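Colleague: In the numbering used here, the protein residues as written are 1403 to 2094. Quick one: structure below, then a few questions.
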Amino acid sequence: MPGDTSSVDYRTSACPHDCPSTCALEVERLDERRIGKVRGAAANGYTAGVICAKVARYAERVHHPDRLTRPLRRVGDKGMGRAAFVEISWDEALDRTSQAMQRATQKHGPESVWPYFYAGTMGLVQRDGIERLRHVMRYSRQHSTICNTLSDAGWYAGAGAKWGVDPREMAEADLIVIWGGNPVATQVNVMTHISRARKNRGAKLVVIDPYRTGTAEQADMHLCLRPGTDGALACAVMHVLFKEGLADRAYMARYTRDADRLEKHLALRTPDWAAKITGLAADEIVGFARLYGATKRAYLRLGYGFSRSRNGAAQMFAASCLPAVTGAWQYKGGGAMYGMAGIYKLDKALIEGRDAIDKSVRVLDQSRIGPVLTGDRRDLGDGPPVTALFIQNTNPVVVCPESLVVRDGFRRNDLFVCVHEQFMTDTAAMADIVLPATTFLEHDDIYQAGGHTHLQVTKKVIEPVGESRSNHDVICALAKRLGARHAGFEITAWEIIDRMLKSSGLPDAETAYRMGWIDLTPDFRSAHFLDGFGYADKRFHFSPDWKRWGEDHKRMPELPDHMEAIDAADAEHPFRLVAAPARQFLNTSFTETPTSRAREGRPTALIHPRDCDALGLADGALVLIGNKRAEVAVHIRRFDGLQPGVVVVESIWPNAAFRDGMGINALIAADAAPPHGGAVFHDTAVWLKPTN
Ligand SMILES: Nc1nc2c(c(=O)[nH]1)N[C@H]1C(S)=C(S)[C@@H](COP(=O)(O)OP(=O)(O)OC[C@H]3O[C@@H](n4cnc5c(=O)[nH]c(N)nc54)[C@H](O)[C@@H]3O)O[C@H]1N2
Ligand SMILES: Nc1nc2c(c(=O)[nH]1)N[C@H]1C(S)=C(S)[C@@H](COP(=O)(O)OP(=O)(O)OC[C@H]3O[C@@H](n4cnc5c(=O)[nH]c(N)nc54)[C@H](O)[C@@H]3O)O[C@H]1N2
Ligand code: SF4
Ligand SMILES: [Mo]
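Written out as structure tokens, the structure reads:
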């Protein structure tokens, strides 16, 4: 019967991708090897039956003809793709990999081996098990800086703890401010809760972003500022709040520290001052400040985008001060949310082998893999070179800054590389050994979320495609060959989940799986910090002790401010580049699926018509975007949803999608931003040159 799904076998799962939504999924199982439709769980209060289009089409990715199905050994040149590899057995692949790691250790010591990973899957067992192998073997440690290091530092500085108001409470807000994020593309479920607020309460939506994103198109007000100037905007807004009696002095007296100093400091941060820095009109700033200050139920969704600048931690901190000035935290639907990690108090010792950490082992910066592999002494210190890389869940040859330097590093003949992947990514193509990986539908795992409050345990839905193996299985197999001992290497992923849940005081794995999800939402008072913020004094700090949040703290402003650290435009580089995420891709995942590629078209630079005219660029023309690091050829689109002088290239296209085989990250600096490092993807001064 059409529409009757009662006979269809839907299995509970969770989306593993690096997205704040971690959607609760229902996956149609056609048989033990094939899936059909994927949909959002309607009963999950956050997912509410909605998922993004790219995951709804997941059958296209799992059953893609290009999935890696056998271990491979490279016999041809690096970077030439599948044709340069021959199939080998798992035993041979694991032997060769473990032997290469042992050889590196014998020659230069264990720090010459660098297990390298990120969040291609967000499942805790499959993502973080590599840490256990690292720590037990004393291999080089990784400072993970590619994503949320800057935003974390900025948020913690004020609030002292990482959580905020449940996103479902947006439905009860009268004003929602999306600041430096683009949920239509990057966290679609947020839009569900915003629509509810608009429909039921006539709530207003404000978007603060340097270009008219899909989210900004839906907004009542779009503050289209210059990238890297949010600190100035936040200060001017607070200036108006204090001046016009919209600051809640009783709230500040009870819940914050240094409010008097803040008020004095802001006296000169006027809307006119901020207008010059942000490129907004002073009236726009005042209009937003009045709207924000007059609305008790004002919900701030602070994204990652505006932290991906050299002043990014300062920007995040400045914006996070707003609800502490108005006291919006006190009201239902009011307050802020940046990330929820702090509500999950899981005991991850077994997964990560925390008992085996040796703090004397050197730490290498993930985002600086280019400089690390090319022997930069600022990174290596007086330690050995990295001569063996073992990579899971990430594609550094495309996604990391200074990607030409990264590629040079991977080209070294004395470097052994093993990549465990689902697809022949640009990184896998540079490897000596490639191992086929399962997807989340083919292994068990447990997920917390960045953007909501549920914990989800999942079981495999289908058998592994081809000979693919899970990260956990590969880590345990390597551990055995390397002689690494730890309880976590002896048990299955499921047993790890079960033990972790029990030792964290939660239901066992089977119960958790049957529940579908466990909602760990804090009660109203804790979520809104009404029993105090995360610091020992329970107060929100307007003048944070930045030392606590990073060693490079001296450059941080004492109070919220515009920090002049960005790669500012100059005569040679008159434009500022923002490399924001594309809707149909998820980092570089889904760049392999035909429908995502077709919908995105080709790498495209959005440029203001006035700049196009000045440069003589017609729609569709090819332009060279350049700086001292590289010149990247990209087709342009005339677009009036940004300020002149700003260029946006939605990302992250594989390098081969560009004319010269070099991607957008060839232009991005690998500078570690203060106070604790972090990549600066949206902070690049460039020139534009028409091609003829
Ligand atoms: N220009 C530009 N660059 C950026 C950004 C940007 O906005 N602009 N964003 C940055 C950010 S925030 C991030 S987080 C990084 C992300 O960059 P990546 O970490 O490289 O991105 P992903 O595509 O999420 O995941 C990488 C790979 O993990 C693989 N994978 C998935 N599941 C598994 C598994 O279970 N096992 C194994 N072995 N592999 C698996 C996928 O096939 C995929 O190729 O990119 C950064 N780079
Ligand atoms: N479709 C899709 N979804 C994704 C991803 C993807 O690549 N594609 N990536 C995933 C990952 S790893 C992450 S970390 C999240 C990131 O999700 P978001 O929190 O949305 O952060 P960003 O992706 O970095 O950028 C979001 C917005 O910040 C804006 N921005 C850049 N610079 C500034 C600035 O100086 N000020 C302000 N106000 N805004 C600025 C950009 O123009 C962009 O519209 O999304 C995840 N979800
Ligand atoms: S919105 Fe994010 S979590 Fe949800 S299905 Fe899409 S990628 Fe996965
Ligand atoms: Mo990220």
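Cβ coordinates follow ideal geometry from the N, Cα and C atoms, glycine included. The structure displayed is predicted, hence computed values, not measured ones.
Are the segment 1707 to 1717 and the segment 1549 to 1560 in contact at 8 Å, needing three or more beta carbon pairs?
Modeller: Yes, the segment 1707 to 1717 touches the segment 1549 to 1560.
Colleague: For ligand 4, is there a heavy atom less than 6 Å away from the beta-carbon of C1723?
Modeller: No; taking the cut-off as 6 Å, the Cβ of C1723 has no heavy atom of ligand 4 nearer than that.
Colleague: R1699 lies in the alpha helix (DSSP H); which residues open and close that run?
Modeller: R1699 -> no alpha helix (DSSP H), and no H or E assigned at all.
Colleague: Taking just the CA atoms, how far does T1507 sit from A2075?
Modeller: About 32 Å.
Colleague: Between the alpha carbons of I1893 and L1932, how many angstroms are there, rounded?
Modeller: Taking the straight line joining both Cα atoms gives about 42 Å.
Colleague: For V1799, which of helix, strand or coil comes out of DSSP?
Modeller: Looking at V1799 - three-state DSSP - the assignment turns out to be helix.
Colleague: Can R2096 and P1512 be called in contact, C-beta distance under 7 Å?
Modeller: What is shown of the chain runs 1403 to 2094, which leaves residue 2096 out entirely.
Colleague: Rounded to whole angstroms, what is the Cα-Cα separation between A2059 and T2093?
Modeller: Using only the alpha carbons, I get a separation of about 18 Å.
Colleague: Taking a contact to mean a Cβ-Cβ separation below 7 Å, would you say R1614 touches H2084 in this structure?
Modeller: No; because the gap between Cβ atoms is not below 7 Å, this pair is not in contact.
Colleague: Taking the straight line between their C-alpha atoms, what separation do you get for A2068 and A2032?
Modeller: So the two alpha carbons sit approximately 6 Å from each other.
Colleague: Return yes when the C-beta of I1848 is under 6 Å from any heavy atom of ligand 3, and no when it is not.
Modeller: Not so, every heavy atom of ligand 3 lies at least 6 Å from the Cβ.
Colleague: So K1862 packs on H1874, CB below 8 Å; how close in whole Å?
Modeller: That pair is no contact at about 12 Å.
Colleague: Classify D1685 as helix, strand or coil using the three-state DSSP reduction.
Modeller: Helix, per DSSP.
Colleague: With 16 as the cutoff for other CB atoms within 10 Å, does P1467 come out buried or exposed?
Modeller: Label assigned to P1467: exposed.
Colleague: Could you name the residues whose beta carbon sits closer than 6 Å to any heavy atom belonging to ligand 3, keeping them in chain order?
Modeller: Working through the chain, the matches are C1417, H1419, C1421, S1423, T1424, C1425, I1453, C1454, V1457, V1590 and L1988.
Colleague: Examine ligand 1 and report whether any of its heavy atoms sits within less than 6 Å of the Cβ of N2057.
Modeller: No, Cβ of N2057 sits at least 6 Å from all heavy atoms of ligand 1.
Colleague: Is any heavy atom in ligand 2 found nearer than 6 Å to the beta carbon of A1982?
Modeller: Within the cutoff, so yes.
Colleague: Tell me whether C1626, by its Cβ, gets closer than 6 Å to a heavy atom of ligand 4.
Modeller: No, Cβ of C1626 sits at least 6 Å from all heavy atoms of ligand 4.
Colleague: Quick check: does the Cβ of C2014 come within less than 6 Å of any heavy atom belonging to ligand 2?
Modeller: Outside the cutoff, so no.
Colleague: Could you please give me the residues that DSSP links to K1456 through a beta bridge?
Modeller: Per DSSP, none; premise fails for K1456.
Colleague: Quick check: does the Cβ of A1587 come within less than 6 Å of any heavy atom belonging to ligand 2?
Modeller: Yes, the beta carbon of A1587 sits closer than 6 Å to at least one heavy atom of ligand 2.
Colleague: Please state if the CB of G1952 and the CB of P2077 are separated by a distance shorter than 7 Å.
Modeller: Cβ atoms of P2077 and G1952: closer than 7 Å.
Colleague: For I1490, which of helix, strand or coil comes out of DSSP?
Modeller: If DSSP states are grouped into helix, strand and coil, I1490 belongs with coil.
Colleague: State yes or no: is the C-beta of C1549 nearer than 6 Å to some heavy atom of ligand 4?
Modeller: C1549 Cβ: within cutoff of ligand 4.
Colleague: When you compare each of T1424, E1434, M1742 and D1433 to A1443 by their alpha carbons, which one comes out closest?
Modeller: Taking only the C-alpha atoms, the option nearest A1443 is T1424.
Colleague: Identify, in the order they occur along the chain, each residue of the same chain with its Cβ nearer than 6 Å to the Cβ of S2002, setting aside the five sequence neighbours on each side.
Modeller: At residue 2002 the sequence reads Glu, which differs from the Ser that was named. Closer than 6 Å at Cβ, skipping near neighbours: A1984 and Q1986.
Colleague: Find the nearest neighbour of D1969 within the set V2050, R2012 and A2087, judged by alpha-carbon distance.
Modeller: Measuring from the Cα of D1969, the nearest candidate turns out to be A2087.
Colleague: Does DSSP put A2007 in a helix, in a strand, or in coil?
Modeller: Reduced to three states, the DSSP call for A2007 is strand.
Colleague: Can you list, in chain order, the residues of its chain with a C-beta nearer than 7 Å to that of K1439? Leave out the 5 residues immediately preceding and following it.
Modeller: E1430, listed in sequence order.
Colleague: Which residue marks the beginning of the alpha helix (DSSP H) containing D1875, and which one marks its end?
Modeller: Run containing D1875: N1873 to L1884, per the alpha helix (DSSP H) assignment.
Colleague: State the DSSP-derived secondary structure class of W1565, mapped to helix, strand or coil.
Modeller: Coil, per DSSP.
Colleague: Please give the ranges of any beta strand (DSSP E) in the segment 1720 to 1805, keeping only runs that are unbroken, at least 3 residues long and fully inside the region.
Modeller: As far as the segment 1720 to 1805 is concerned, its whole beta strand (DSSP E) runs of at least 3 residues are 1737 to 1739, 1765 to 1767 and 1790 to 1794.
Colleague: Considering only the alpha carbon of each residue, which of R1712, A1879, A1833 and H1964 lies closest to K1480?
Modeller: Per the Cα distances, A1833.
Colleague: Measuring only the C-alpha atoms, how far is D1816 from E1489?
Modeller: Distance between the alpha carbons of D1816 and E1489: 23 Å.
Colleague: Who are V1807's beta bridge partners in DSSP?
Modeller: In the DSSP output, where bridge partners are listed per residue, V1807 has none listed.
Colleague: Bridge partners of I2066, per DSSP?
Modeller: Answer is none; I2066 lacks a bridge partner.
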